[in-house]
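*Asks:* Submitted below is the structure of interest, expressed as structure tokens.
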Amino acid sequence: MRHIISILIENESGALSRVAGLFSARGYNIETLTVAPTEDPSLSRMTILTWGSDEVLEQITKQLNKLIDVVKVVDLSEAAHVERELMLIKVRATGKDREEMKRMADIFRGRIIDVTESTYVIELTGAGSKLDSFIAALDAGLILETVRTGVCGIGRGDRILKV
Amino acid sequence: MMISGAEIVIRCLQEEKVDCVFGYPGGSVLHIYDALFKQDQIKHVLVRHEQAAVHAADAFSRSSQKVGVALVTSGPGVTNTVTGIATAYMDSIPMVVLTGQVPSFYIGQDAFQECDTVGITRPCVKHNFLVKDVKDLALTIKKAFHIAATGRPGPVVVDIPKDITAQMCEFEYPKSIQMRSYNPVVKGHLGQIKKAVQILKEAKRPIIYAGGGAILSDAADKLTQLAHKLKFPVTNTLMGLGSYPATDKQFVGMLGMHGTFEANNAMHYSDVILAVGARFDDRVIGNPEHFGEEKRRVIHIDIDPSSISKRVKVDVPIVGNVADVIDELLKLIGSDFKTDPDVDNWWKQIDEWRSRDSLRYKQGEHIMPQFVMEKLYEVTRGDAFITSDVGQHQMFAAQYYKFDKPRRWINSGGLGTMGVGLPYGMGVLMANPDAQVACVTGEGSIQMCIQELSTCKQYGFPIKIINLNNGMLGMVRQWQEMFYSKRYSQSYVTSLPDFVKLAEAYGHVGMKIERPEDVEPALRKAFTEHKNDLVFMDFIIDPVANVFPMVAAGKGLTEMILAEDL
Ligand SMILES: Cc1ncc(C[n+]2csc(CCOP(=O)(O)OP(=O)(O)O)c2C)c(N)n1
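Order-wise, the sequence lines are chains A and B. Mapping to our numbering: the first sequence position 46 is 373, numbers consecutive. Mapping to our numbering: the second sequence position 10 is 12, numbers consecutive.
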């Protein structure tokens, strides 16, 4: 099962390595990981996309809670939430491909944020699966470079993660 | 008044009522050693290798419930401590390790004796800190002691750059501490405890299974009271020995890989398990699938939620400090607990298993290690602190020395670290200066920290080293005999030193004991005539004695291999 774990953690140096180290030491998967300070700069919020059975997920949350710097942990995917990922993709855009690329970006509601004579950089936000589909829809030979942030997510409505 | 960072370190230790530090000096901690020199409240034990400093601090804590403290220099000083820290971590021992670091402005430049202490120790500490500002020093040390000793205890490393120990700062030790990210639970959930009582009432084939957590939370007396009220059989893990009196008739012995026939069967065929500060690890329940074949209900008391339902599914988890939870249980049970009448039949079954006498052995022409342990028990009247190394001798000690009190059995259970025995003896003696201490070891293990014989001389630690010398890495040899068709790859030790001469070279007493009839007199002599000496007792034992019963790795608890003639 796919899970999105949100963590509030003290914004101390080394906090990230404690979390990453825990995952590698105990053999848990990290599919994506994002982290940045919150509106309270003493706290960071981390989002980890992981896979595992219910038992593994139970252990992951318990082990994360055991880390001294971790303030709160929730499994976002347990209830209603929204998730987004950002991708920047640089593509070759010459000749007839130039028009085609623009059209594809429009269909996927991407934005072209950098233009040269031969390339575009397209910005695309959405669920990870949408970004995957966009990549699949392009001619692989035209993709020069991709970079993705990994998933971040937030609970819907009254589900709030705060200290 | 402004004082230096080094003085702050010492003042913090004094505030924490630390009366003894195990350590080894070096460049990065020279300021701290200088501050140590200028006071006389804290004693310092100078070891011969940093690994031993940490083991000794660890045993200081195991044998006293105080937080052990070690102090080492940066770089190699730190890397030498890693085995000791990992050992304490696996057994949840509260400890603070103060490490010197290169000056903060050199960090990251591959300075002389620099290493990434926080990085190297991160996976084997409860927490660690790098102090970046002298103003944070006192608070950090306060936090370190707080974190080490509360919740599920564990080692905490505080890495202190040298420049910080020289800087001047006002000293004020925080009285209390509040951490939004760390608030361990103490009291168990009352609803869960009530559920547990109901299940205990219904139990027909119950067992109490107590581990190291019962000792760490000082719950031995309460556990004993509870067991007497319930009239249930009790088994201990290797780490739990002493949490329930081994001479009590409700005690069925240690369980697990080398557990008794009755303990392993009772655990396996139980219908209700009351697990107390234990974690169902692989050396205890063997194969979890096999263990899961019997249907039973499990109540699990543990301070660490992540220990619950990790390897065995638990029906009633109770997260809390073992002693507090047992208190609540005792209150709810009151004086009118009715043990289910079927439990009588269960006891009959257990007695039948007991009658197999699975620890029986034959004393022949060679000295048997089991015999030495029984004599050690008699001669010390069961009242010694037994430290142990790792191997067959450790299992023999666990099986044959009957621990009636907690904190008397000092060994490395989780990590299984050879070499701990002798430094453990030093730590025990610093915490319990008048105690009788025997270090049960093998000729393999003792050589892993043998240099500490020198420390023992310097401080006059009268440890009795019981070297069960089989000339083999016995536990390795046993596995090779049983599972590798007797291909004894690298398990024979040649060129052993003459341990008697070795002991004498260090200024101690040495004895070599080769005949069964000499075992007891030699032990008596060591514990009376040489009460105040370290005595290295080299027992030449049966080279091929094996530890039984045995549950092979990956096998089920009831699939025990018993000694041949049983
Ligand atoms: C540091 C370390 N290295 C290796 C091992 C693996 N090991 C476990 S028991 C054992 C043999 C111990 O031999 P000895 O100390 O002579 O004790 P015996 O088993 O003969 O009683 C070994 C090598 C270990 N536990 N610790």
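Heads up, the beta-carbon is just placed ideally off N, CA and C, and yes, glycines get one too. Computed from a predicted structure; not experimentally measured.
If we define contact as Cβ-Cβ less than 9 Å, is S456/A a contact residue for chain B?
*Replies:* On the first sequence, position 129 is the one that residue 456/A refers to. It does not: the Cβ of S456/A has no partner Cβ on chain B nearer than 9 Å.
*Asks:* For the stretch 451-463 of chain B against the stretch 32-48 of chain B, are there 3 or more C-beta pairs whose distance is under 8 Å?
*Replies:* They touch, by the three-pair rule.
*Asks:* Quick one: grab the DSSP three-state call for F131/B.
*Replies:* As a position in the second sequence, residue 131/B is number 129, starting the count at 1. F131/B falls in the strand class under three-state DSSP.
*Asks:* Check whether chain A comes within 9 Å of I301/B, counting only Cβ atoms and requiring the distance to be less than that.
*Replies:* Locating residue 301/B in the second sequence gives position 299, counting from the first residue. With 9 Å as the cut-off, I301/B does not count as an interface residue toward chain A.
*Asks:* Among P96/B, H57/B, Q41/B, G25/B, which one has its Cα closest to the Cα of S76/B?
*Replies:* Here residue 76/B corresponds to residue number 74 of the second sequence, with the count starting at 1. Comparing Cα positions, the closest option is G25/B.
*Asks:* List the residues of chain A that R182/B touches, going by C-beta distances under 7 Å, in chain order.
*Replies:* Taking the first residue of the second sequence as position 1, residue 182/B is located at position 180. By Cβ distance, chain A contributes V398, V490.
*Asks:* Let me check you understand the geometry: is the CB of Q394/B closer than 8 Å to at least one non-hydrogen atom of ligand 1?
*Replies:* Here residue 394/B corresponds to residue number 392 of the second sequence, with the count starting at 1. True, at least one ligand heavy atom lies under 8 Å from that Cβ.
*Asks:* So, V99/B versus V159/B, is the Cβ gap smaller than 9 Å?
*Replies:* Within the second sequence, the letter at position 97 stands for residue 99/B. Within the second sequence, the letter at position 157 stands for residue 159/B. Going by C-beta atoms, V99/B is nearer than 9 Å to V159/B.
*Asks:* What distance in whole Å lies between the Cβ atoms of M513/B and A528/B, which are believed to be in contact at a cut-off of 8 Å?
*Replies:* For the purposes of this step, residue 528/B is taken as residue 526 along the second sequence, with counting starting at 1. For the purposes of this step, residue 513/B is taken as residue 511 along the second sequence, with counting starting at 1. Correct: roughly 7 Å between the Cβ atoms.
*Asks:* So the candidates are E17/B, I12/B, Y211/B; which of them puts its Cα closest to the Cα of P611/B?
*Replies:* Because chain B in this structure spans residues 3 to 568, residue 611/B falls outside the shown range and cannot be described.
*Asks:* Under a Cβ-count criterion, where at least 16 other Cβ atoms within 10 Å of its own Cβ denotes burial, should K164/B be classed as buried or exposed?
*Replies:* Taking the second sequence and counting its residues from 1, the one referred to as residue 164/B is at position 162. The residue is buried, with at least 16 neighbouring Cβ atoms inside 10 Å.
*Asks:* With a threshold of 8 Å, establish whether the CB of G444/B neighbours any heavy atom of ligand 1.
*Replies:* If you number the second sequence from 1, residue 444/B lands on position 442. Checking every heavy atom of ligand 1 against the Cβ of G444/B, one is found closer than 8 Å.
*Asks:* Between R207/B, I275/B, K251/B, F114/B, which lies nearest to I406/B when the distance is taken from Cα to Cα?
*Replies:* In the second sequence, counting from the first residue as 1, residue 406/B sits at position 404. Position check: residue 406/B holds Asp in this sequence, whereas Ile was assumed. Answer by Cα proximity: K251/B.
*Asks:* Are the stretch 438-445 of chain A and the stretch 463-472 of chain A in contact at 8 Å, needing three or more beta carbon pairs?
*Replies:* These segments do not touch.
*Asks:* Got a sec? Which residues, its chain only, sit under 7 Å from D60/B by beta carbon, not counting five neighbours each side?
*Replies:* Numbered from 1 along the second sequence, position 58 holds the residue referred to as residue 60/B. Answer for D60/B: G70, G86, T89, A90, I95, M97, G429, listed in chain order.
*Asks:* Listed from N- to C-terminal order along the chain, which residues in the stretch 341-352 of chain A have their beta-carbon within a distance smaller than 8 Å of any beta-carbon of chain B?
*Replies:* Those residues of the stretch 341-352 of chain A that come within reach of chain B (Cβ to Cβ, closer than 8 Å) are G341, S344, R345, G348, A352.
*Asks:* Could you give the distance in angstroms between the alpha-carbon of I5/B and the alpha-carbon of V120/B?
*Replies:* Taking the second sequence and counting its residues from 1, one reaches residue 5/B at position 3. Taking the second sequence and counting its residues from 1, one reaches residue 120/B at position 118. Rounded to whole angstroms, I5/B to V120/B spans 26 Å at the Cα level.
*Asks:* Where do the ends of the beta strand (DSSP E) carrying E427/A lie?
*Replies:* Taking the first residue of the first sequence as position 1, residue 427/A is located at position 100. Counting along the chain, E427/A falls outside any beta strand (DSSP E), though it belongs to the alpha helix (DSSP H) covering 422-434.
*Asks:* Nearest by alpha-carbon distance to Q449/B: which of R489/B, S414/B, R410/B, D500/B is it?
*Replies:* Position 447 of the second sequence, counted from the first residue, corresponds to residue 449/B. Comparing Cα-Cα distances from Q449/B to each of R489/B, S414/B, R410/B, D500/B, the minimum goes to D500/B.
*Asks:* Indicate, with yes or no, if ligand 1 has a heavy atom lying under 8 Å from the CB of L394/A.
*Replies:* For this step, residue 394/A is matched to residue 67 along the first sequence. Outside the cutoff, so no.
*Asks:* Starting from the beta carbon of E366/A, find every residue of chain B whose beta carbon is closer than 7 Å, and list them in chain order.
*Replies:* Here residue 366/A refers to the residue found at position 39 when the first sequence is read from its first residue. Those within 7 Å of E366/A in chain B number zero; the least Cβ separation is about 16 Å.
*Asks:* Are there three or more Cβ pairs, one per stretch, closer than 8 Å when the stretch 211-225 of chain B is compared with the stretch 276-283 of chain B?
*Replies:* Touching, yes.
*Asks:* Return yes when the Cβ of E445/B is within less than 9 Å of the Cβ of V546/B, no when it is not.
*Replies:* Taking the second sequence and counting its residues from 1, the one referred to as residue 546/B is at position 544. Taking the second sequence and counting its residues from 1, the one referred to as residue 445/B is at position 443. Cβ distance not < 9 Å, so V546/B and E445/B don't count as in contact.
*Asks:* Bridge partners of S6/B, per DSSP?
*Replies:* Residue numbering aside, residue 6/B sits at position 4 when the second sequence is read from its first letter. According to DSSP, which records beta bridges pairwise, S6/B is partnered with M170/B.
*Asks:* At a cut-off of 8 Å, would you count D540/B as near ligand 1, judging by its Cβ distance to the nearest heavy atom?
*Replies:* What you label residue 540/B is simply residue 538 of the second sequence in a count that begins at 1. For ligand 1, not one heavy atom lies less than 8 Å from the Cβ of D540/B.
*Asks:* By how many angstroms is the C-alpha of K128/B removed from the C-alpha of A150/B?
*Replies:* What you label residue 150/B is simply residue 148 of the second sequence in a count that begins at 1. What you label residue 128/B is simply residue 126 of the second sequence in a count that begins at 1. Taking the straight line joining both Cα atoms gives about 7 Å.
*Asks:* Going along the chain, which residues of the stretch 440-452 of chain B sit with their C-beta nearer than 7 Å to a C-beta in chain A?
*Replies:* Taking 7 Å as the Cβ-Cβ cut-off against chain A, none of the residues of the stretch 440-452 of chain B qualify.
*Asks:* Could you tell me whether the Cβ atoms of R411/A and V478/A are closer together than 9 Å?
*Replies:* The count along the first sequence starts at 1 and reaches residue 411/A at position 84. The count along the first sequence starts at 1 and reaches residue 478/A at position 151. For R411/A and V478/A, yes; Cβs fall inside 9 Å.
*Asks:* With a threshold of 9 Å between beta-carbons, can N392/A be considered close to chain B, or not?
*Replies:* Locating residue 392/A in the first sequence gives position 65, counting from the first residue. For N392/A, the answer is yes, since a Cβ of chain B falls inside 9 Å of its Cβ.
*Asks:* Assuming E483/B is part of the alpha helix (DSSP H), what are its boundary residues?
*Replies:* Residue 483/B sits at position 481 when you count from the first residue of the second sequence. Run containing E483/B: 476-485, per the alpha helix (DSSP H) assignment.
*Asks:* Just to confirm, are G190/B and I10/B a CB contact at a threshold of 9 Å?
*Replies:* Taking the first residue of the second sequence as position 1, residue 190/B is located at position 188. Taking the first residue of the second sequence as position 1, residue 10/B is located at position 8. Not in contact: G190/B and I10/B (Cβ atoms no closer than 9 Å).
*Asks:* I'd like to know if the stretch 366-386 of chain A and the stretch 329-346 of chain A are in contact, where contact means that at least 3 CB-CB pairs between them fall below 8 Å.
*Replies:* In short, these stretches touch, since the Cβ pair count reaches three.
*Asks:* Tell me the DSSP bridge mates of N469/B?
*Replies:* By one-based count along the second sequence, residue 469/B stands at place 467. T443/B, D540/B, per the DSSP bridge assignment.
*Asks:* Quick one: Cα of A199/B to Cα of F339/B, how far?
*Replies:* Within the second sequence, numbered from 1, the residue matching residue 199/B stands at position 197. Within the second sequence, numbered from 1, the residue matching residue 339/B stands at position 337. Checking the sequence shown, residue 199/B turns out to be Val, not Ala. Straight-line Cα distance between these residues: approximately 9 Å.
*Asks:* Does the beta carbon of I149/B sit closer than 9 Å to a beta carbon anywhere in chain A?
*Replies:* In the second sequence, the residue the question calls residue 149/B occupies position 147. Yes - at least one Cβ of chain A is within 9 Å of the one on I149/B.
*Asks:* So, is N534/B buried or exposed, given that buried needs 16 or more other C-beta atoms within 10 angstroms?
*Replies:* Along the second sequence, one-based indexing puts residue 534/B at 532. N534/B should be labelled exposed.
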